[in-house]
Amino acid sequence: MREVFNHYVPFLQKNKSITSTLLYIMSRHDDQSIILHNGDQNLLKVQFLSKNLIHKEDKWIELDKFCSSSYIYPYDDTTLLVITCMLDIMQRYYLKIKMLFDTQEK
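Positions 72 to 177 (this note's numbering) are the ones given, in order, by the sequence shown.
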C-alpha cells in the first residue's frame, strides 16, 4: 500500500490522466493475476509495453494485440487504479467531505 501513496497517487495528481496512471501502475506493479494465468514472461512483456506506451502513444496497438492474443487482463492493476483514484479524491476533497459529515451529525 505504501507504493500507492508514494508513487501512484502523486503520479495521478501530477499528470491528471487516469489512462497514464493505469499504464504507470502496469509498468511497475507485479500483477499477480497476470503471473498466475499468463506467467512471468508475459508480465515482463506487459510491463515493458506499458512503460513504452507512457512515452510513445503509437504503441497502443502493440499492447492491445499482445494482451488480446494472450488473454491478459490486468485485474490487480485495475484494482490499484481504483484505490488510487479514491485516495486522490479523498485527499483533494477531505475538508469538504468532513464538513458534509459533520453537518449531517447535528
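Here a beta-carbon is modelled for each residue, glycine too, at the ideal position from N, C-alpha and C.
In the DSSP assignment, find the alpha helix (DSSP H) that holds residue i and state where it starts and stops.
i: I143; result: Counting along the chain, I143 falls outside any alpha helix (DSSP H), and DSSP gives it neither H nor E.
i: D111; result: 111 to 126
i: M97; result: 89 to 99
Give the DSSP-derived three-state secondary structure of residue i in the structure shown.
i: C79; result: According to the sequence displayed, residue 79 carries Tyr and not Cys. Of the three classes helix, strand and coil, the one that applies to Y79 here is helix, per DSSP.
i: M72; result: coil
i: Y164; result: coil
i: D102; result: coil
Taking just the CA atoms, how far does residue j sit from residue i?
i: Q118; j: I168; result: 36 Å
i: L114; j: D101; result: 7 Å
i: K122; j: D129; result: 12 Å
i: H78; j: K85; result: 11 Å
i: Q103; j: D173; result: 40 Å
i: S91; j: S139; result: 20 Å
i: R73; j: H126; result: 25 Å
i: L158; j: L171; result: 18 Å
i: L107; j: S98; result: 17 Å
i: D185; j: P145; result: Since the first residue of the chain shown is 72 and the last is 177, residue 185 is not available in this structure.
i: I89; j: D148; result: 12 Å
i: Q175; j: K116; result: 50 Å
Given a cut-off of 7 Å on the beta-carbon distance, is the pair residue i and residue j in contact?
i: V75; j: I154; result: yes
i: N109; j: I143; result: yes
i: I105; j: L151; result: no
i: L124; j: L83; result: no
Q. Per the contact definition of three or more C-beta pairs closer than 8 Å, is the segment 147 to 166 in contact with the segment 130 to 139?
A. As far as the Cβ criterion goes, the segment 130 to 139 does not touch the segment 147 to 166, which means the pair count is below three.
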